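K.L.:
First to last, the sequence lines map onto chains A and B.
Be aware that the first sequence starts at 1, since it is given in this note's numbering, and climbs by one per residue.
Be aware that the second sequence starts at 215, since it is given in this note's numbering, and climbs by one per residue.
There are 2 protein chains.
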Amino acid sequence: MTGARPDTGVAGPVRRRTAGGGYAKGRARRREITAAATELYGEVGYRSASLREVAARVGLSHTALLHHFRTKEALLLAVLEQRDEEDRAAADAAGDPVAALGSLVRVVEANVRRPTIVELFCILSAEATAPDHPAHVWFRDRYRTVLAFVGDALRGAQAAGVLRPGVDPADAARRVVALMDGLQVQFLYDRAGTDMVGALRAELQALVTVPLTE
Amino acid sequence: MTGARPDTGVAGPVRRRTAGGGYAKGRARRREITAAATELYGEVGYRSASLREVAARVGLSHTALLHHFRTKEALLLAVLEQRDEEDRAAADAAGDPVAALGSLVRVVEANVRRPTIVELFCILSAEATAPDHPAHVWFRDRYRTVLAFVGDALRGAQAAGVLRPGVDPADAARRVVALMDGLQVQFLYDRAGTDMVGALRAELQALVTVPLTE
């Protein structure tokens with residue numbers, strides 16, 4: 001997948017493919033650019049962010065930046081793709097439904113340490129509710145995927161006889177995902193007062209009859 | 215308060231204060247402008263919205279609009295103030311803690327019928343997490359107020375002996391408010407599939423041992 005989507009330029013370790021390291025340098029540069037874009041989008045959103053400002057933050061000319069990302073949309077999708085790779089790695093629970101729920105806690109633990117990413121997702125997911133936003137389809141599909149992941153984990157727990165009686169997996173999945181999103185907003189306004197990890201852990205633990213494994 | 219803050223220009227019914235109706239006309243015009251701004255902010259956020267675009271939507275010149283709202287910030291605060299007035303009216307529960315919780319369901323029922331307002335709050339609350347955003351303090355204070363409202367209702371339920379054992383009022387308030395915010399995002403991506411009212415009602419009902427009154 002990395003080879004097929006060189007434009008995202010952010011997944012996996014840097015590998016030197018040429019004697020001069022040109023490919024590796026290009027990838028490293030693209031990572032710098034997506035990191036700067038992540039920061040800027042998290043501050044002002046995607047619509048207000050210009051490629052010129054991103055270029056300025058990494059010390060490139062506008063033209064040089066266009067060599068790596070031809071359009072504003074291409075850069076946005078690279079930023080989103082990067083975050084998604086990270087989350088997929090964290091949420092890999094190898095078929096154990098309770099461990100799959102626990103992996104959500106790990107994602108939120110990581111988020112506490114990366115408020116820039118939390119800002120980015122908070123503002124982009126809100127902006128992109130507009131159907132004409134270039135990330136609209138990406139976010140709409142992402143919500144489907146995340147709701148299916150949590151719903152499947154809860155159905156797996158049900159099949160294993162460890163889901164608390166009376167819990168509807170699909171309804172509970174919507175509540176869990178909503179809780180995670182809503183806590184992020186509170187966290188950004190009041191970092192010290194918002195225990196995102198504790199709140200999610202309590203919510204998940206209330207859904208199953210066995211100790212949550214993280 | 216209306217008299218002390220004429221700039222917000224949106225609270226309460228129109229009253230004719232002069233024989234020529236100039237004051238009433240001015241208030242009606244300001245309501246038109248805040249309605250157009252509400253729509254535009256909900257579409258593209260505050261940062262990307264220009265006063266020129268708002269003016270164009272109500273058929274005014276930029277200069278004529280500046281007569282009603284001198285700055286972009288003044289218009290933003292008028293829009294926020296209007297929504298707040300509506301919510302305060304809906305959430306007035308006259309001292310009954312379970313009715314106070316039930317009033318949250320009424321607010322969400324109203325939100326299902328006004329997706330433009332949901333879009334507005336979703337995108338503005340995300341944008342305004344940036345400390346330099348002109349609505350940052352407004353939203354930070356609003357979260358404090360809303361969390362205190364829900365927390366007080368849950369503490370009231372506790373004092374009345376109708377809070378479910380083991381529920382911590384402050385923690386549960388954070389979860390309820392997070393759920394409401396997070397469901398709004400899901401609703402904007404999938405209106406038919408997201409039952410905001412049902413999910414909130416179930417969450418609140420699980421917190422008290424008596425039937426929720428709405």
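Using N, Cα and C, we set each Cβ at its ideal position, and we do this for glycine too.
Just so you know, these numbers come straight off a predicted model, no measurement behind them.
Can you have a look at D181(A) and say buried or exposed, based on whether 16 or more other CB atoms are within 10 angstroms of its CB?
P.N.:
The residue labelled residue 181(A) in the question sits at position 181 within the first sequence. Buried is the call here.
K.L.:
Just to check my reading of the structure: L200(A) and L183(A) have Cβ atoms closer than 8 Å, yes? What is that Cβ distance to the nearest angstrom?
P.N.:
Within the first sequence, residue 200(A) is the residue found at index 200, counting from 1. Within the first sequence, residue 183(A) is the residue found at index 183, counting from 1. With 8 Å as the limit, L200(A) and L183(A) qualify as a contact, their Cβ atoms being about 7 Å apart.
K.L.:
Between the Cα of D84(A) and those of R174(A), A55(A) and I117(A), spot the shortest distance and give me the residue it belongs to.
P.N.:
Reading the first sequence from its first residue, position 84 is the one you call residue 84(A). If we check each option's Cα against that of D84(A), I117(A) comes out closest.
K.L.:
Helix or strand or just coil, what does DSSP make of V208(A)?
P.N.:
Start at 1 with the first residue of the first sequence, and residue 208(A) comes out as number 208. Reduced to three states, the DSSP call for V208(A) is strand.
K.L.:
Using the DSSP secondary-structure output, state which residues sit across from L163(A) in a beta bridge.
P.N.:
Locating residue 163(A) in the first sequence gives position 163, counting from the first residue. Beta-bridge pairing links L163(A) to V208(A).
K.L.:
Name the chain A residues that come within less than 8 Å of T343(B), Cβ to Cβ?
P.N.:
Taking the second sequence and counting its residues from 1, one reaches residue 343(B) at position 129. Result: E119, C122, I123, V185, L188 and Y189.
K.L.:
Since L361(B) and L368(B) are thought to touch, with beta carbons under 8 Å apart, how far apart are those beta carbons, to the nearest angstrom?
P.N.:
Position 147 of the second sequence, counted from the first residue, corresponds to residue 361(B). Position 154 of the second sequence, counted from the first residue, corresponds to residue 368(B). No, L361(B) and L368(B) are not in contact; Cβ-Cβ is about 11 Å, not under 8 Å.
K.L.:
Got a sec: is the Cβ-Cβ distance from T330(B) to anything in chain A below 8 Å?
P.N.:
Numbered from 1 along the second sequence, position 116 holds the residue referred to as residue 330(B). It does not: the Cβ of T330(B) has no partner Cβ on chain A nearer than 8 Å.
K.L.:
Does DSSP put T285(B) in a helix, in a strand, or in coil?
P.N.:
On the second sequence, residue 285(B) is found 71 positions in, with the first residue counted as 1. Here T285(B) sits in coil by DSSP.
K.L.:
Cβ of V399(B) within 8 Å of Cβ of S125(A)?
P.N.:
To locate residue 399(B), count along the second sequence from 1; it is residue 185. To locate residue 125(A), count along the first sequence from 1; it is residue 125. The answer is yes: Cβ separation under 8 Å.
K.L.:
Taking G375(B) as the reference, give the member of A349(B), P383(B) and T423(B) with the closest Cα.
P.N.:
In the second sequence, counting from the first residue as 1, residue 375(B) sits at position 161. Nearest of A349(B), P383(B) and T423(B) to G375(B), Cα basis: T423(B).
K.L.:
Between A206(A) and the rest of its own chain, which residues show a CB-CB distance below 8 Å, the 5 nearest in sequence each way excluded?
P.N.:
Here residue 206(A) refers to the residue found at position 206 of the first sequence. R164, listed in sequence order.
K.L.:
List, in chain order, every chain A residue whose beta-carbon is nearer than 9 Å to that of F363(B).
P.N.:
On the second sequence, residue 363(B) is found 149 positions in, with the first residue counted as 1. Under the 9 Å cutoff, chain A gives no residues; its nearest Cβ is about 14 Å from F363(B).
K.L.:
Go ahead and pull the three-state DSSP assignment for R245(B).
P.N.:
As a working mapping, residue 245(B) is identified with position 31 in the second sequence. Residue state, collapsed to three classes: helix.
K.L.:
Leaving aside the five residues before and after H136(A) along the sequence, list all residues of the same chain whose C-beta is less than 7 Å from its C-beta, in chain order.
P.N.:
Counted from its first residue, the first sequence places residue 136(A) at position 136. Only A128 and A130 meet the Cβ criterion.
K.L.:
At a cut of 8 Å, does the region 239-249 of chain B reach the region 312-328 of chain B through at least three beta carbon pairs?
P.N.:
no
K.L.:
Looking at the C-beta of T408(B), does it have a partner C-beta in chain A at a distance below 8 Å?
P.N.:
Stepping through the second sequence from its first residue, residue 408(B) is reached at position 194. Yes, T408(B) lies at the interface with chain A (some Cβ there is under 8 Å from its Cβ).
K.L.:
With DSSP as the reference, label T277(B) as helix, strand or coil.
P.N.:
Here residue 277(B) refers to the residue found at position 63 when the second sequence is read from its first residue. Three-state result, T277(B): helix.
K.L.:
Please list, in chain order, the residues of the region 376-399 of chain B that have any C-beta partner in chain A closer than 8 Å.
P.N.:
D385, R388, R389, V391, A392, L393, M394, D395, G396, L397 and V399
K.L.:
Does chain B have any CB closer than 8 Å to the CB of Y41(A)?
P.N.:
Translated into positions along the first sequence, residue 41(A) becomes position 41. Not one chain B Cβ lies under 8 Å of Y41(A).
K.L.:
Is there a Cβ of chain B sitting closer than 8 Å to that of S48(A), yes or no?
P.N.:
Reading the first sequence from its first residue, position 48 is the one you call residue 48(A). By this cut-off, S48(A) is an interface position.
K.L.:
Along chain B, which residues have their Cβ under 7 Å away from the Cβ of E203(A)?
P.N.:
Along the first sequence, read from residue 1 onward, the residue named residue 203(A) stands at position 203. Result: R389.
K.L.:
Would R140(A) pass as an interface residue toward chain B - the criterion being a Cβ-Cβ separation below 8 Å?
P.N.:
Along the first sequence, one-based indexing puts residue 140(A) at 140. Chain B contact via Cβ: present.
K.L.:
Among the residues of its own chain, which have a CB less than 7 Å from the CB of K286(B), if the five just before and after it don't count?
P.N.:
On the second sequence, residue 286(B) is found 72 positions in, with the first residue counted as 1. Here K286(B) has L265 as same chain residues with Cβ atoms under 7 Å from its own Cβ, once five neighbours each way along the sequence are excluded.
K.L.:
Compute the Euclidean distance between the alpha carbons of L120(A) and Y41(A), then round it to the nearest angstrom.
P.N.:
Indexing the first sequence from 1 puts residue 120(A) at position 120. Indexing the first sequence from 1 puts residue 41(A) at position 41. Rounded to whole angstroms, L120(A) to Y41(A) spans 6 Å at the Cα level.
K.L.:
If we cut at 8 Å on Cβ distances, does A126(A) have a partner in chain B?
P.N.:
Translated into the one-based positions of the first sequence, residue 126(A) becomes position 126. So, interface residue.
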